[in-house]
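First up is the structure itself, then whatever we jot down about it.
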Amino acid sequence: MRVDTRDQNGVRVLTLDNPPVNALSFAFSALLQRAVRDAEEDNAIRAVVLVGANGLFSGGADVNDFNAEITPETITIRDALASIELGRKTYVAAIESNALGGALELALTCDYRIARQGAKLGLPEIRLGLIPGAGGTQRLPRLIGAQPALEMMLKGESVDADEALKRGLLDEVVADDVVAAAIAVARRALEREPKRRVSERKVEIGAGLAAFALPFVIAQAHKMVPAEDRGGYAAHKLIDAVQASFELSFPRGLAREFRLFDECVRSAPSFALRHLFFAERELAKIPGLEPVQPLEIKSAGVIGAGTMGSGIAITFANAGIPVTVVEPADEQVERAKQMVFGMFMHQVQRGRLTQEEAWNKGRSIVFTGDRAALRDCDLVIEAVFENLDLKKTVFAELDAQVQPNAILASNTSTLDIDEMASVTKRPDRFLGLHFFAPANIMKLLEIIRGKETSAQTLTTALKLSKTLRKIGVVSGNAFGFIGNRMLFDYAREAVRLIEEGVTPYRVDAIVKGFGFAMGPFSMFDLSGIDVFWHVQQAAGQRLGRTAIVDRLYKEKRLGQKAGRGFYKYAQGSRDP
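Residue 536 in numbering that gives the first Met the number 0 sits at position 537 of the sequence shown; the count goes up by one each step and never skips.
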């Protein structure tokens with residue numbers, strides 16, 4: 000941990016070196032503050048360039064510090080930034096890669112900001128139930144306007160360097176040597192405008208709106224985010240902080256921001272989100288997993304073109320991996336094609352894909368009734384009904400049809416992976432890949448490790464989860480694995496409430512009131528009543544049987560895909 004210095008004809012380059020991501024921890028902030036003060040005291044130095052070591056700018060504030068006790072002697076990122084803010088030298092941020100969170104707040108404190116093409120900039124603190132706490136809510140509105148700044152921070156949005164330049168976040172974007180460019184900018188600035196503090200700018204509303212529109216902008220922002228007790232706690236604090244940037248002086252606005260930030264840090268939602276942040280970082284640490292080179296998955300196959308199989312196919316297409324879907328039923332193939340086409344067109348309508356991109360993704364999914372088309376696939380995922388005998392039959396046949404090095408995987412949500420692997424000659428290349436519905440949207444991917452699953456197969460699955468932009472969680476081979484094992488009691492009690500006379504709508508409304516995205520019965524209809532019924536069949540006495548689910552299944556009320564389940568759905572609608 001150090002701040003390296005290099006002087007070049009009156010310009011001092013400060014290199015932030017705090018592996019692995021140059022985080023601005025309390026200890027490192029003290030080093031940075033000392034380096035800034037040394038530069039201020041050196042009369043031979045007229046400008047300072049800030050750059051990160053190893054091609055990184057900074058990973059921002061150290062999340063571990065949020066739970067640490069702050070004493071009068073503690074030097075925080077705010078103290079280090081205050082030294083730059085009050086400095087007489089010209090400060091230039093040279094951003095080689097990402098500047099997110101506290102790293103962007105550091106850059107905003109500088110007089111000029113230069114970035115390499117491809118760098119990402121943003122203030123994503125809202126994702127941790129926080130607001131920027133080192134001047135971000137006060138400087139960003141002064142730089143790009145209150146409304147654009149508010150929108151960017153509420154979304155936790157990151158933008159690339161070219162977009163940041165358009166929005167006014169950057170002064171220059173370069174293709175290669177960002178440090179040399181920053182030094183050149185510093186020299187030009189010394190001749191024209193040495194000091195250009197963002198804090199001294201007037202806050203504009205943005206989007207061509209006059210100052211009197213601020214109350215309307217703030218009121219609309221409060222209306223558009225969830226209530227404080229429904230997941231919107233930090234969002235409302237963020238809106239209040241941006242309002243302060245317009246109504247208060249910069250020093251008073253900073254004080255207001257810090258008070259609101261502190262309230263967020265102490266809030267239950269932020270504690271939970273930070274726990275999740277650290278938990279996700281631990282996922283890749285698998286005890287006893289030997290380091291091996293993962294296999295490369297260049298093509299994939301899916302058995303079954305139902306809702307789950309189609310969603311898995313879309314997931315691979317979105318990741319740029321060609322996928323072949325095998326489905327013998329022509330009617331099901333047509334439904335799957337419509338689902339895939341509709342999903343990509345929806346992305347086009349929302350501006351997330353161009354027509355050409357949607358077309359290319361659609362072409363990367365091939366539907367066929369012939370399993371011979373899977374011969375050269377690197378990975379084949381079974382996504383048929385939740386019936387163990389059926390799955391074992393599929394794998395026994397599939398084992399002889401695909402290349403010897405291919406990995407076989409089951410999308411089962413509950414069933415015994417080892418028993419399925421036992422009918423193949425490759426138990427070391429067999430595992431579970433349990434996607435959650437809808438597979439192309441839900442982030443969680445359970446990776447079920449069988450007793451003979453090799454380290455290379457498991458490592459390949461973990462790498463694949465990142466390629467697919469999923470959160471891969473390794474599970475042991477127990478009935479229900481992790482996710483569904485937790486859901487069993489939840490589901491059983493929800494159905495018992497119906498048996499006692501409570502309506503599905505009432506149960507769902509109460510559960511959503513606790514902050515869940517959807518209630519149990521909306522979830523059942525989304526996943527498919529048939530899936531739940533098959534789980535009941537496989538579970539036997541472990542889950543218990545419910546007459547309601549049996550009746551829904553018998554009457555083919557299978558959920559959204561059938562237009563009716565616990566709820567009725569209009570043609571093509573997902574809303575009951």
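Where is the CB? At the ideal position from N, CA and C, for every residue including glycine.
Local Cβ density within 10 Å of residue i, reported as buried at 16 or more and exposed below that
i, result
"Tyr111", "buried"
"Ser248", "exposed"
"Pro327", "exposed"
"Tyr90", "buried"
"Asp175", "exposed"
"Leu389", "exposed"
"Phe260", "buried"
"Met342", "buried"
"Ile69", "exposed"
"Tyr489", "exposed"
"Val202", "buried"
"Ile440", "exposed"
"Gln402", "exposed"
Proximity below 8 Å, CB of residue i to CB of residue j
i, j, result
"Val35", "Ser96", "no"
"Glu171", "Ile113", "yes"
"Leu31", "Ala79", "yes"
"Thr459", "Pro293", "yes"
"Glu124", "Gly100", "yes"
"Met338", "Ser363", "no"
"Gly368", "Val325", "yes"
"Leu122", "Leu272", "no"
"Thr145", "Val241", "In the sequence as displayed, the identity of residue 145 is Ala instead of Thr. In this structure, Val241 lies closer than 8 Å to Ala145 by Cβ."
"Ile446", "Val472", "yes"
"Gly117", "Ala179", "no"
Delimiting residues of the beta strand (DSSP E) encompassing residue i
i, result
"Gly252", "Careful: Gly252 lies outside any beta strand (DSSP E), inside the alpha helix (DSSP H) at 249-264."
"Thr157", "Per the sequence shown, residue 157 should be read as Ser rather than Thr. Element bounds for Ser157: 157-159."
"Val47", "46-51"
"Phe343", "Note, Phe343: premise wrong, no beta strand (DSSP E); alpha helix (DSSP H) at 329-348."
"Tyr111", "111-115"
"Lys119", "119-121"
"Val12", "10-16"
"Glu171", "171-173"
DSSP three-state assignment for residue i, whether helix, strand or coil
i, result
"Glu554", "coil"
"Ala493", "helix"
"Phe394", "helix"
"Phe211", "helix"
"Thr306", "helix"
"Val383", "coil"
"Ser521", "helix"
"Ile217", "helix"
"Lys284", "coil"
"Glu39", "helix"
"Leu407", "strand"
"Phe326", "Reading off the sequence, residue 326 comes out as Glu, not Phe. Here Glu326 sits in coil by DSSP."
"Tyr566", "coil"
For residue i, the first and last residue of its enclosing alpha helix (DSSP H)
i, result
"Glu499", "No alpha helix (DSSP H) holds Glu499; DSSP gives it neither H nor E."
"Arg191", "177-191"
"Tyr504", "503-512"
"Gln559", "Element bounds for Gln559: n/a, residue is neither H nor E."
"Gln7", "Here Gln7 belongs to no alpha helix (DSSP H); instead the beta strand (DSSP E) covers 1-7."
"Gly431", "Careful: Gly431 lies outside any alpha helix (DSSP H), inside the beta strand (DSSP E) at 429-434."
For residue j and residue i, the rounded distance between their alpha carbons
i, j, result
"Leu557", "Val379", "27 Å"
"Glu418", "Ile509", "40 Å"
"Val548", "Phe520", "11 Å"
"Glu39", "Ile182", "17 Å"
"Gly305", "Ile313", "12 Å"
"Leu275", "Asn476", "24 Å"
"Gln536", "Leu443", "25 Å"
"Thr323", "Arg334", "16 Å"
"Ala357", "Thr423", "37 Å"
"Glu104", "Ala26", "18 Å"
"Gly576", "Gly514", "The chain is shown only over 0 to 575; residue 576 falls outside these bounds and no answer can be derived."
"Ser554", "Ala561", "A quick correction: the sequence has Glu, not Ser, at residue 554. Taking the straight line from one Cα to the other gives about 11 Å."
"Leu457", "Ile406", "10 Å"
"Val48", "Ser244", "27 Å"
"Ala420", "Ser526", "25 Å"
"His533", "Phe65", "46 Å"
"Ser266", "Ser57", "26 Å"
"Ala218", "Asp507", "29 Å"
"Arg212", "Ala148", "Position check: residue 212 holds Ala in this sequence, whereas Arg was assumed. Distance between the alpha carbons of Ala212 and Ala148: 15 Å."
"Leu153", "Gln137", "14 Å"
"Ile74", "Gly167", "30 Å"
"Ala233", "Val383", "42 Å"
"Ala133", "Asp16", "20 Å"
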